[in-house]
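Below is one structure, written out as structure tokens, with a few remarks after it.
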Amino acid sequence: MSVERPKLTLGPLHFHWPAARRRDFYARIADEAPVDTVVLGEVVCSKRAPFFDSHIPEVAERLRRAGKEVVLGSLALVMQARERQGVMDLAASEDFLVEANDLTAVAACAGRPHAIGPLVAVYNPSTLELMARQGATRVCLPGELTADAIGALAGAAMATGTQLEVQAFGRLPLAISARCYHARAHGLHKDGCRYVCEKHPDGMDLDTLDGAPFLAVNGVQTLSGSYLDLLGDLHRLRSLGVDRFRLSPQDCDMVAVAETFHAVLDGTLPVTPARDRLRDLCPGRRFSNGFLRGVEGMAYRAAVI
Amino acid sequence: MTASPLSLVCPAGTPAALDAAVEAGADAVYCGFADATNARNFPGLNFSPVEMRAAVARTHKAGRSLYIAINTFPRAGEEAAWHRAVDNAAEAGADAVILADLGLLAYAQATHPSLRLHLSVQAAASTPEAIRYLAQTFGVQRVVLPRVLTLAEVTELTAAVAPVETEVFAFGGMCVMAEGRCQLSSYVTGQSPNTHGVCSPAGAVQFRREPGGDVTARLGNVTIDRHPAGAPAGYPTLCKGRFRANATTGYLFEEPTSLNAADHIPGLIKAGVRALKIEGRQRGRAYVARVVGEFRRAIDAAVAGGFTVPDLASEMEGGRATAGAYDRRWR
Amino acid sequence: MSLDPTDPPPLSPVLLAGLAARVLPPLPLLGRPLAGPVAARLSQMAFDRLRRRHEPVFQRLAVLGERAFLVDPSDLPVRFLLRPAGTRPGLWPIADGSTLPPAAATLRAPLAALLALLEGRVDGDSLFFSRQLMIEGDMEAVLILRNAVDGADIALERDLAARLPRRVLTMARRWYGDVDGLLHLMARAAHQPVALAVAEVQP
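Chains as they are written, first to last, in the numbering used here: chain X, 70 to 374; chain R, -3 to 327; chain L, 24 to 226.
Quick look at the structure:
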């Protein structure tokens, strides 16, 4: 385990927020949020990218001036020629570390330093070691891994000098599709979607027939209905060898969320009041941590001491 | 065996289904070992190493090929089980192994350099760049394409990756989410399709007849469908369940339906696709015999210049077919 | 009605119901778990024969332990309790109206469909998709049973059509007529096209 202070990463914004709101969001993150790294870029739907791509240099510059590391995330599902070109252009970037979110980007980034995102299947030490040999310096693991698996992967990460990252807050990305379920639920086709996903800045709630909240639809992406909360597990994960924790942006006060995680990692705030604070910051939301415990991801179980 | 331009690759979950597939005209049959190393890890299904050796012998005697799917992602700390499966496949004399995990591809290449490697759909390689990289890095000779591509995209991709062969799904159950990248089932059941080899594990599925006569399907603690007792059904998977969103109730991801790309056989031959894959290692031998037989006839007819589309509605989820992503409108 | 086993009529649910009614006692005895002694004996005999002929299948089914199935031919006035493994494996008929013993899962379909499933002539998922097969309870047990049976080469005509022991026949003939013929007939009838029989019971 490295002695360095664990770092916080603000993951890519999954939702389709208007450009002005995104700019304001990142300006406040730059000025106030105690995060070390910010991942920028549209990872969910290539149709949304033109709305914000032109703002990325300016936003990245602002974050860097505030001392944050900026990473550019690649598209999760790459099919069309224009999307492939986008990945190639991104991977050629001289200025930023690129986070690969599919095998197209993994291929394009091979041979130079890069990061691997949680949407790439890294489930075991052999695969992690292979990624490291191909130039990965940082790997954010898939959300469904158990603590035991993370522990085994941490060994390989340490042996190869790879930084290991685990998502600790926010909706979990559970699936990606060629179809747009936001458009479908609005009686529209993907080609003529009218960007209806903009209506739901935290995802469109999807409930069961019994009315129980279940999932969240975000265009072609399906997310967990619950927010992941690993506040009670940070120290244990840290001792297993996890170097970084990822906070996934939601429609709530992300500066306060980052402060809460930072305070727990620093040891200045105990877990119990931190948990209460997190619930106050996200009224009406349910929380989960089941994957880490090897049970259903949607469950919330008390931490194993 | 005649050199059909399109190889028919067929599923077998039991030795009996394998014999049915060979009998019905499969060019190749794919099977898995009876454990979590393959993506159809259902109770009572699949082959022991001894059964697999016998299956290879029978298949070869008939002049056909046998592929072994080891297409889940090895669980950290338990990789030995997946390595053993690759070793057993090589020892059994399999014509190819179908792999998804990059670390396992590296193992197979290093340990069994003469073993032919196919890339499973679970690996989610959807572009020429990804496929060329995998071919260069691991010597992958064939790639099973994700069910997210249109016929035009399949055509372009096949040309771009040659001499790497492409194989596409033609019939059967259809993931509507990108394969190998879906954690919906494990979010509800705690068992990951990616590492346990089963979506909607049987132990987590419950059908309950309600007092009013409706049938409720539950996965874990989640109600995923409710319908009148006689209504057509699909597998109890989350992506084909009914939910509520945006003030509507219905199949928000996909109706119970199966893929049938028989219509596209002439187009797929023209595209240079090397193999057509039938889904369904979990299905009975009656399904295998029927579907394989129909596709054998359809391919032979298409090669000969004539063509008829087989009627296989009774074998489909919800009794309904979709051409999936081959038809762009599906997206 | 002729019971000549050399000339079986097409499988008809009505006919089969009639046959079953002949094998079973005229009135179900409420509270008694099992139907008539001859039906019980015949069921057990059929089960034992299958078990002898298809040992590997039953080895695969050993993982079921004591889990039992309620097999419910929807067109017959009788159900069966099937326990493929465990300490007391067997097949027992249960007359309608009797108390149902505990079972891990229930399988309900027209008899013709159940027999076709047993012989691997129809795919269980296809029957399920079209709702001809209803399943409740322990899905894992159902899949273990379905996959083991589908992988076997069960052929009822061949497997069951051997002569019955004289003692059973004598007893059965006295009470119910030509039981051996009945068994032959049911075995032969099971080979009629399933789609035909299924179509007959659809509304």
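Note that the Cβ used here is the ideal one computed from N, Cα and C, for glycine as well.
Taking 7 Å as the CB threshold, residue 218 of chain X lines the interface with chain R. The beta-bridge partner set that DSSP reports for residue 240 of chain R consists of X:276, R:245. For the 7 Å CB-CB criterion, residue 290 of chain X and residue 245 of chain X form a contact. Three or more Cβ pairs drawn from the segment 275 to 294 of chain R and the segment 18 to 35 of chain R lie within less than 8 Å of each other, which places the two stretches in contact.
According to DSSP, residue 356 of chain X shares a beta bridge with X:296. In this structure, residue 165 of chain X lies away from residue 199 of chain X, with their beta-carbon atoms at least 7 Å apart. Under the Cβ criterion of 7 Å, residue 166 of chain L is counted among the residues facing chain R.
With a cutoff of 7 Å on beta-carbon distance, residue 193 of chain X and residue 75 of chain R are scored as near each other. Per DSSP, the continuous alpha helix (DSSP H) segment holding residue 78 of chain R begins and ends at 75 to 88. Considering only beta carbons, the part of the segment 143 to 157 of chain L lying closer than 8 Å to chain R consists of 143, 144, 145, 146, 147, 148, 149, 151, 152, 153, 154, 157, in chain order. Secondary structure in the segment 282 to 352 of chain X: the alpha helix (DSSP H) runs of 4 residues or longer, each lying completely within the stretch, are 303 to 309, 323 to 335, 340 to 350 in chain order.
If you compare the alpha carbons of L:80, L:69, L:130 with that of residue 91 of chain L, the shortest gap goes to L:130.
The Cβ-Cβ distance between residue 221 of chain X and residue 72 of chain R falls below 7 Å. Taking CB atoms only, residue 193 of chain X has a neighbour in chain R less than 7 Å away. Cβ contact annotation for residue 94 of chain R (same chain, cutoff 6 Å, sequence separation greater than five): 63, 65, 67, 114, 116, in chain order. The straight-line gap separating the alpha-carbon atoms of residue 99 of chain L and residue 134 of chain L is approximately 7 Å.
7 Å or more divides the Cβ of residue 310 of chain X from the Cβ of residue 292 of chain X. At a cut-off of 7 Å between C-beta atoms, residue 19 of chain R does not count as an interface residue with respect to chain L.
When the beta-carbon positions are compared, residue 311 of chain R and residue 230 of chain R stay at least 7 Å from each other. Non-local beta-carbon contacts of residue 224 of chain R in its own chain, meaning distances under 8 Å to residues more than five positions away in sequence, involve 209, 210, 211 in chain order.
By the criterion of a C-beta distance shorter than 7 Å, residue 147 of chain X is surrounded in its chain by 153, 156, 171, 173, once the five residues flanking it on both sides are discounted.
Interface criterion met: the Cβ of residue 159 of chain L is under 7 Å from a Cβ in chain R. At least one CB atom of chain X sits nearer than 7 Å to the CB of residue 73 of chain R. Secondary structure note for residue 202 of chain R: its beta strand (DSSP E) is the uninterrupted segment 201 to 205. Taking 7 Å as the CB threshold, residue 280 of chain R lines the interface with chain L. With respect to residue 201 of chain R, residue 162 of chain L sits close: the two C-beta atoms are nearer than 7 Å. For residue 64 of chain R, the three-state secondary structure derived from DSSP is strand. Spatial neighbours of residue 362 of chain X in its own chain (CB-CB distance under 8 Å, excluding positions within 5 residues in sequence) are listed in chain order as 215, 216, 368, 370, 373. If you check each beta-carbon in the segment 71 to 105 of chain L against every beta-carbon of chain R, the ones closer than 9 Å belong to 83, 84, 86. Under a criterion of Cβ atoms nearer than 9 Å, no residue of chain R is adjacent to residue 109 of chain L; the nearest Cβ is some 16 Å distant. Chain order gives the chain R residues near residue 283 of chain X as 218, 239, where near means a beta carbon separation below 8 Å.
DSSP, read as helix, strand or coil, puts residue 54 of chain R in helix. Within the segment 240 to 268 of chain R, the residues whose Cβ lies closer than 8 Å to any Cβ of chain L are, in chain order, 252.
Under the 7 Å criterion on CB atoms, residue 196 of chain X is classed as interfacial with respect to chain R.
The criterion of a C-beta distance shorter than 7 Å is satisfied by residue 143 of chain R and residue 320 of chain R.
Counting along the chain, the unbroken alpha helix (DSSP H) around residue 147 of chain L starts and ends at 147 to 152.
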